[in-house]
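Line order of the protein sequences matches chains A and B. Positions 1 to 360 (this note's numbering) are the ones given, in order, by the first sequence. Positions 1001 to 1360 (this note's numbering) are the ones given, in order, by the second sequence. Note that CB positions come from ideal geometry on N, CA and C, so glycine has one too. Down below is the structure, laid out as structure tokens.
Number of protein chains: 2
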Amino acid sequence: MFCPRLAGDNASRGDTLTRLTLALDAMGGDFGPSVTVPAALQALDFDSQLSLLLVGDPDVITPLLARADFEQRSRLQIVPAQSVIASDARPSFAIRNSRGTSMRIALELVKEGRAQACVSAGNTGALMGLAKLLLKPIDGIERPALVTVLPHQQKGKTVVLDLGANVKCDSVMLAQFAIMGAVLAEEVVGIAHPRVALLNIGEEETKGLDSIRDAAALLKTMPSVNYIGYLEANELLTGKTDVLVCDGFVGNVTLKTMEGVVRMFLSLLKSQGEGKKRAWWLVLLTRWLQKRLMRRFGHLNPDQYNGACLLGLRGTVVKSHGAANQRAFAVAIEQAVQAVRRQVPVRIAARLESVLPRSD
Amino acid sequence: MFCPRLAGDNASRGDTLTRLTLALDAMGGDFGPSVTVPAALQALDFDSQLSLLLVGDPDVITPLLARADFEQRSRLQIVPAQSVIASDARPSFAIRNSRGTSMRIALELVKEGRAQACVSAGNTGALMGLAKLLLKPIDGIERPALVTVLPHQQKGKTVVLDLGANVKCDSVMLAQFAIMGAVLAEEVVGIAHPRVALLNIGEEETKGLDSIRDAAALLKTMPSVNYIGYLEANELLTGKTDVLVCDGFVGNVTLKTMEGVVRMFLSLLKSQGEGKKRAWWLVLLTRWLQKRLMRRFGHLNPDQYNGACLLGLRGTVVKSHGAANQRAFAVAIEQAVQAVRRQVPVRIAARLESVLPRSD
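Put into structure tokens, the structure is as follows:
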């Protein structure tokens, strides 16, 4: 999510870019190959340096490649996988029985160096667990976190994590997320000395859960983190912080609430005036204004920033919404491309060394 | 929140209404009397049968009553209170030291029968604890919950609880909230056989926290509850459920996220086209369309549904946002009026008897 909308993105695109290969879990998500394969073709059209490994059932994937031209096919390869991890499977069960699944094979391709990143719309818990198992966390990080970068009202960006990789978090995990988020904001989003806040239900020190209060105490002892205190959820889009930290349950709820409200607004805006008989010039003007407003609000359309990076791993893994449509899944692929080009894992690891509290 | 926007509200207003008296914690909230007193006058203007007890420091309140006319003054009384509970005080400390505070005295007025309900914008935890201590929960309810009724896209209402009275909830509490919410939806909002869902981070049975999964198992055993499963936060405003249940931390975050996004949309909408030089007719048309859109979205404006009822008590207590402005605090007062007129606590208690699982 954080990648396509950053300054300098366009400048970094072009013929000078090195070729890169991503592994797609083609079977994951609510719609499987019927969404992931057309999205893959769309991504190939968009980026001439990109190659894709489609991991899944060749009998399902091949017919969907009918419209691919010769050039696209030369950058595509199907890697067969016998099974899929169900989206409702318990992560622990799914991981034990993951051999031969599209998700695991896609991650193994990254581990073996055949792909530089993996994109999946499958079971979040299983993806988190398998990614940790196969790609290993960066030194000093206990648990990777799902991170996204939201556009805010001040025309800047806010890094938000965790978005659902860790349903329960203790204070140490929250503090590590804060550090990772700050490094991401500084190294990748380009914010100097980024402000870091914990999401809570009040700004007063006594508010909220023990884990949050303890994380606040921890962060205050870290000179390398510009910790500014608690922030409430109504400040999510106001740009009062550069990094917003919460546990995965709350992060997921927050992001989905935002998405639900944005979708409702956009659909109300679109349907405004529909079905009523009006003068033609009024209809035209209404449409014109609607278009302008849609453009203004469009950057908040969830389809446009689908894909959250699993931060804290030695490799790049992007989780797409399970319910992503073709356009949204293509955006997730683009996130992965940008994360690889920006060398996110390496830069995070390098900075973490100097930022993480030492044990001595 | 649930009261002013229900069918039949207007019909129930008028000269035939009985007089009622509310106690206001005039010192609570971020702005204290400078907001609560003007809001009180506004509420008196709106409802000729209403009398108010303003609990707080007479030296601060009296000057603010300068603009009240004789008739308003006849329905107003200042009840002196020496101190205020700080909004950042730990609830346990605040409750131990609550004697003489405006919040406690306002609740005592309800307990003594001098007022029929209490409204406060003060410390949520302290209000919850003191209300439980002084007014007592309904039989069978362990912990009261903050509840609100949100308008949804299908032009109906969704009852949402808990919104912050209980930061941590076990499965039994969640199940009790579900029952209370269902009774409220049926008895007060007028929805027959209301659908009840638990807020979770996925719709699959294996998702989320243990407390939620256990609450789901409990609710499935209750024939009196129309439990429909989990719902994700992006469904908050879609009308897929009549009652949405979550713990107080998550409920608070969800509601505040929604409010933040709505406020951002309304302000973007309002500022659209500002500062640009345009033809006069274009400016007029833009304003006209903006007005229509604002009306369409206005029902989601947080100021218009401020005030959450503390459900599960033998008396009526309404919590206003701490940051409420005059208009929003007046809405909270109106919530309390409607809750009293609809006899919410009595009706909830009466229905709970037949709905709550018996111990035999």
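If I measure Cβ to Cβ from residue i and keep anything under 8 Å in the same chain, skipping five residues before and after, which residues do I get?
i: residue 352 (chain A); result: 138, 139, 140, 141, 179, 180 and 183
i: residue 1032 (chain B); result: 1026, 1056, 1060 and 1084
i: residue 1349 (chain B); result: 1138, 1139 and 1314
i: residue 1192 (chain B); result: 1186
i: residue 232 (chain A); result: 199, 200, 201, 202 and 203
i: residue 1156 (chain B); result: 1191, 1239 and 1242
Spatial neighbours of residue i within its chain, please: C-beta separation below 6 Å, excluding the five flanking residues on both sides.
i: residue 1330 (chain B); result: 1039, 1042 and 1043
i: residue 20 (chain A); result: 116 and 340
i: residue 1134 (chain B); result: 1107 and 1111
i: residue 1207 (chain B); result: 1200 and 1201
i: residue 128 (chain A); result: 165
i: residue 1018 (chain B); result: none
i: residue 70 (chain A); result: none
Applying a beta-carbon distance threshold of less than 8 Å, which residues of chain A neighbour residue i?
i: residue 1250 (chain B); result: 249, 250 and 253
i: residue 1179 (chain B); result: Here the premise fails: no neighbours, minimum Cβ distance about 23 Å.
i: residue 1167 (chain B); result: 201, 208 and 209
In whole angstroms, give me the CA-to-CA distance for residue i and residue j.
i: residue 1248 (chain B); j: residue 1165 (chain B); result: 6 Å
i: residue 1215 (chain B); j: residue 1171 (chain B); result: 4 Å
i: residue 1024 (chain B); j: residue 1063 (chain B); result: 17 Å
i: residue 291 (chain A); j: residue 95 (chain A); result: 46 Å
i: residue 1163 (chain B); j: residue 1256 (chain B); result: 10 Å
i: residue 1344 (chain B); j: residue 185 (chain A); result: 49 Å
i: residue 197 (chain A); j: residue 227 (chain A); result: 6 Å
i: residue 209 (chain A); j: residue 1122 (chain B); result: 19 Å
i: residue 1148 (chain B); j: residue 338 (chain A); result: 43 Å
i: residue 354 (chain A); j: residue 118 (chain A); result: 28 Å
i: residue 384 (chain A); j: residue 1346 (chain B); result: Past the edges of chain A, shown from 1 to 360, lies residue 384 (chain A), and the structure says nothing about it.
i: residue 9 (chain A); j: residue 50 (chain A); result: Since pLDDT at residue 9 (chain A) reaches only 40, below the 50 mark, its modelled position is unreliable, and the value read off the structure follows with that caveat. For residue 9 (chain A) and residue 50 (chain A), the distance between alpha carbons rounds to 16 Å.
i: residue 1217 (chain B); j: residue 1204 (chain B); result: 13 Å
i: residue 46 (chain A); j: residue 73 (chain A); result: 14 Å
i: residue 177 (chain A); j: residue 1195 (chain B); result: 37 Å
i: residue 1324 (chain B); j: residue 1252 (chain B); result: 15 Å
i: residue 1167 (chain B); j: residue 327 (chain A); result: 38 Å
i: residue 1279 (chain B); j: residue 189 (chain A); result: 39 Å
i: residue 1336 (chain B); j: residue 1161 (chain B); result: 17 Å
i: residue 219 (chain A); j: residue 1271 (chain B); result: 38 Å
i: residue 1028 (chain B); j: residue 319 (chain A); result: 45 Å
i: residue 1342 (chain B); j: residue 1334 (chain B); result: 12 Å
i: residue 230 (chain A); j: residue 1136 (chain B); result: 32 Å
i: residue 1282 (chain B); j: residue 151 (chain A); result: 29 Å
i: residue 321 (chain A); j: residue 120 (chain A); result: 9 Å
Is it the case that the CB of residue i approaches a heavy atom of the ligand GTP more closely than 8 Å?
i: residue 1120 (chain B); result: This structure lacks the ligand GTP, and indeed carries no ligand of any kind.
Hey, residue i and residue j are a contact pair by Cβ (cut 8 Å); roughly how many whole angstroms apart?
i: residue 1076 (chain B); j: residue 1052 (chain B); result: 6 Å
i: residue 1035 (chain B); j: residue 1054 (chain B); result: With a Cβ gap of about 12 Å, residue 1035 (chain B) and residue 1054 (chain B) do not count as contacting.
i: residue 307 (chain A); j: residue 332 (chain A); result: 3 Å
i: residue 1269 (chain B); j: residue 1293 (chain B); result: 6 Å
i: residue 1144 (chain B); j: residue 1310 (chain B); result: 5 Å
i: residue 30 (chain A); j: residue 158 (chain A); result: Their Cβ separation, rounded to whole angstroms, is 28 Å, which puts residue 30 (chain A) and residue 158 (chain A) out of contact at 8 Å.
i: residue 81 (chain A); j: residue 100 (chain A); result: 6 Å
i: residue 1211 (chain B); j: residue 1169 (chain B); result: 6 Å
i: residue 1078 (chain B); j: residue 1058 (chain B); result: 5 Å
Can you pull the chain B neighbours of residue i, defined as C-beta to C-beta under 7 Å?
i: residue 146 (chain A); result: Within chain B, no residue comes near residue 146 (chain A); the closest Cβ sits about 11 Å away, beyond 7 Å.
i: residue 87 (chain A); result: 1204
i: residue 261 (chain A); result: 1237, 1258, 1261 and 1262
i: residue 286 (chain A); result: 1289
Taking residue i as the query, report the chain B residues whose CB atoms sit under 9 Å from its CB, ordered along the chain.
i: residue 291 (chain A); result: Simply none; closest approach about 12 Å.
i: residue 233 (chain A); result: 1252, 1253, 1254, 1255, 1256, 1257, 1258, 1259 and 1260
Below 7 Å on C-beta distance, what does residue i contact in chain A?
i: residue 1153 (chain B); result: 264
i: residue 1090 (chain B); result: 206
Taking residue i as the query, report the chain B residues whose CB atoms sit under 8 Å from its CB, ordered along the chain.
i: residue 164 (chain A); result: 1201
Take residue i and list the residues in its own chain whose beta-carbon comes closer than 7 Å to its own, dropping the five residues that flank it on each side.
i: residue 130 (chain A); result: 95, 98, 103, 104 and 107
i: residue 1153 (chain B); result: 1237, 1238 and 1239
i: residue 1068 (chain B); result: 1041 and 1076
>> In chain order, what are the residue ranges of uninterrupted beta strand (DSSP E) at least 3 long that sit wholly in the segment 1306-1358 of chain B?
In response: 1308-1311 and 1316-1319
>> Which runs of the alpha helix (DSSP H) at least 4 residues long sit entirely within the segment 1155-1185 of chain B? Give them in chain order.
In response: 1171-1184
> At what residue ranges does the segment 199-237 of chain A contain a whole run of the beta strand (DSSP E), taking only runs of 3 or more?
Replying inline: 226-231
>> Going residue by residue through the segment 1036-1096 of chain B, where are the continuous alpha helix (DSSP H) segments of at least 4 residues, counting only ones entirely within it?
In response: 1058-1064, 1070-1074 and 1091-1096
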